[in-house]
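A.B. asks:
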Amino acid sequence: MASAKVFPPRTPGPARLVVLVSGSGTNLQALIDAAADSAFGAEIIAVGADRDGIAGLERAERAGLPAFVHRVKDFPARADWDRALTEAVAEHRPDLVVTAGFMKILGPEFIAAFAGRIVNTHPALLPAFPGAHGVTDALAYGVKVTGCTVHLVDAGVDTGPIIAQGVVEVTDADHADGGDALHERIKTVERQLLVEVVGRLAREGHRIEDRKVWIPA
Ligand code: GRF
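Counting in the numbering used here, the final residue of the sequence shown is number 243, and the numbers go up one at a time with none missing.
1) For the ligand GRF, any of its heavy atoms closer than 8 Å to the Cβ of P149?
2) Is L227 near A56, with beta carbons less than 9 Å apart?
3) Apart from the five residues on each side of it in sequence, which residues of its chain come closer than 6 Å, Cβ to Cβ, to G192?
4) Quick one: grab the DSSP three-state call for R97.
5) Return the CA-CA distance between E69 and N146, expressed in angstroms with no decimal places.
6) Name the two residues that bound the continuous beta strand (DSSP E) containing E245.
7) Just mark D184 as buried or exposed, buried being the case when its beta carbon has 16 or more other beta carbons within 10 Å.
8) By the DSSP assignment, the alpha helix (DSSP H) with H159 in it spans what residues?
9) Can you give the Cα-Cα distance for K31 and E210, rounded to whole angstroms?
10) Where does the unbroken beta strand (DSSP E) through E69 begin, and where does it stop?
11) How far does the beta strand (DSSP E) with E84 in it reach, from first residue to last?
12) Would you check if there are 3 or more beta carbon pairs closer than 8 Å linking the region 129-144 to the region 100-114?
13) Out of I80, R233, V45, state which residue places its alpha-carbon closest to the alpha-carbon of P92.
14) Distance check for V73 and A62, CA to CA, integer angstroms please.
15) Classify R85: buried if its beta carbon has 16 or more other beta carbons within 10 angstroms, exposed otherwise.
16) Let me know if A41 comes out buried or exposed under the rule of 16 or more other beta-carbons within 10 Å of its beta-carbon.
17) Going by C-alpha to C-alpha distance, which of L132, P153, V161, I80 sits closest to K213?
18) Hey, out of L178, F101, E230, whose CA is closest to D236's CA?
19) Is DSSP giving T185 helix, strand or coil here?
20) Identify the residues that DSSP records as bridge partners of I234: which are they?
21) Leaving out five residues before and five after P156 in sequence, what residues of the same chain have Cβ atoms less than 6 Å from its Cβ?
22) Using 8 Å for Cβ pairs, my map puts F128 next to S64. What's the rounded Cβ distance?
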């Protein structure tokens, strides 16, 4: 049995979150809205992105949050991007890093720096349909239920320990529009689940043992 890794609740004061985004940032917005209530137990201290001109960055700006952008193509090698992203996030001394629609695979330096404290949300029921096309892969496979998974990030692609999952039914109509409506229904469940999980991790801490994530009741 692997030894347990324990992440205690942060005291005093709210847990510090850095959120990474690549797109519309509705999950980020849900966290911004939740963090407005001090009872949530966490505050967003910075937002990072891998691209410019995205709605997620506009949401950060509207909320008055510091933001930074590191684009892979601006670095000579992927490892340089990994180091720059790690340093940019570390500067904010986060308790938790949330990748909310961040469409880049994190590098080994980043994973090592924040091991056990990186929370990702994925729009499918892992371990089924990992990767960038979880919604359409599930649809193409013909599943009748799919959903979302909030999990810790490890070195693999969507392979880290699962914290919570939400289920969404697939309807016949979903096959007509390529999965857009299904993804929107998933995102509605996903935002609520992410907020609930991040709040609990922030307030209670967590323990990881043999791929199980335990949050004190
Ligand atoms: C979410 O469904 C996330 O799981 C997926 O991309 C979507 C991001 O949505 N990887 P948003 O940018 O938070 O609106």
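All residues carry an ideal CB built from backbone N, CA and C; glycine is no exception.
C.D. replies: This is what the structure holds:
1) Here residue 149 corresponds to residue number 123 of the sequence shown, with the count starting at 1. Yes, the ligand GRF has a heavy atom inside 8 Å of this Cβ.
2) Here residue 227 corresponds to residue number 201 of the sequence shown, with the count starting at 1. Here residue 56 corresponds to residue number 30 of the sequence shown, with the count starting at 1. No. Outside cutoff.
3) As a working note, residue 192 is residue 166 in the sequence shown. Taken in chain order, the residues that qualify are G173, C174, V215, L219.
4) Working through the sequence shown from its first residue, we reach residue 97 at position 71. Of the three classes helix, strand and coil, the one that applies to R97 here is coil, per DSSP.
5) The residue you call residue 69 lines up with position 43 of the sequence shown. The residue you call residue 146 lines up with position 120 of the sequence shown. The alpha-carbon atoms of E69 and N146 are separated by roughly 17 Å.
6) The chain is shown from 27 up to 243; residue 245 falls before or after that span and cannot be answered.
7) Numbered from 1 along the sequence shown, position 158 holds the residue referred to as residue 184. With 16 or more other Cβ atoms within 10 Å, it is buried.
8) Numbered from 1 along the sequence shown, position 133 holds the residue referred to as residue 159. It is not in any alpha helix (DSSP H) - H159 carries neither H nor E in the DSSP assignment.
9) Here residue 31 refers to the residue found at position 5 of the sequence shown. Here residue 210 refers to the residue found at position 184 of the sequence shown. Rounded to the nearest angstrom, the two C-alpha atoms are 35 Å apart.
10) Position 43 of the sequence shown, counted from the first residue, corresponds to residue 69. Here the beta strand (DSSP E) through E69 covers 68-75.
11) Position 58 of the sequence shown holds residue 84. Looking at the DSSP string, E84 is not in any beta strand (DSSP E); the run it does join, the alpha helix (DSSP H), is 81-88.
12) yes
13) Within the sequence shown, residue 92 is the residue found at index 66, counting from 1. When only C-alpha atoms are compared, the closest one is V45.
14) Taking the first residue of the sequence shown as 1, we reach residue 62 at position 36. Taking the first residue of the sequence shown as 1, we reach residue 73 at position 47. Rounded to whole angstroms, A62 to V73 spans 16 Å at the Cα level.
15) Counting from one through the sequence shown, the residue named residue 85 turns up at place 59. Under this definition R85 is a buried residue.
16) Mapped onto the sequence shown, residue 41 falls at position 15. Buried: at least 16 other Cβ atoms inside 10 Å.
17) The residue labelled residue 213 in the question sits at position 187 within the sequence shown. It is V161.
18) Counting from one through the sequence shown, the residue named residue 236 turns up at place 210. Checked all of L178, F101, E230; the closest Cα to D236 is L178.
19) As a working note, residue 185 is residue 159 in the sequence shown. In this structure, T185 counts as coil in the three-state DSSP scheme.
20) Numbered from 1 along the sequence shown, position 208 holds the residue referred to as residue 234. Note: I234 sits in a beta bridge opposite K31, V239.
21) The residue labelled residue 156 in the question sits at position 130 within the sequence shown. Within the same chain, P156 has close Cβ partners V183, D184.
22) For the purposes of this step, residue 128 is taken as residue 102 along the sequence shown, with counting starting at 1. For the purposes of this step, residue 64 is taken as residue 38 along the sequence shown, with counting starting at 1. Going by Cβ atoms, the distance from F128 to S64 rounds to 26 Å, so no, they are not a contact pair.
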